[in-house]
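In the working numbering, the protein residues as written are -16 to 87.
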């Protein structure tokens, strides 16, 4: 791939990146901090997220896109998995959920 083609691909990827990412507190921080090995502390990554102006957008993005790894929006993979599970349970318990399933 030529340098020009690579530059074009990078520009396309950046254009598709959600705009909130440009405001994230983690910009410029070593990504290793957010992708820990099993059993390692996520405390430092969560501390970066704690003061982030786009923390909520980041968390919603990660949950909606089923990001399986790393700390996003101040939450670990396990915490996001629990959130998705609770959301599915809440939707299933909603009185109109059965009607939606019957017609869908």
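Built from N, CA and C at the ideal position, the CB exists for glycine as well.
| query | result |
| --- | --- |
| Those runs of the alpha helix (DSSP H) which lie wholly inside the segment 8 to 71 and span at least 4 residues | 26 to 33 and 38 to 47 |
| Cβ contact check for the segment 61 to 69 and the segment 31 to 39: 3 or more pairs under 8 Å | no |
| Of the residues 53, 1 and 57, the one placed nearest residue 17, counting alpha carbons only | 53 |
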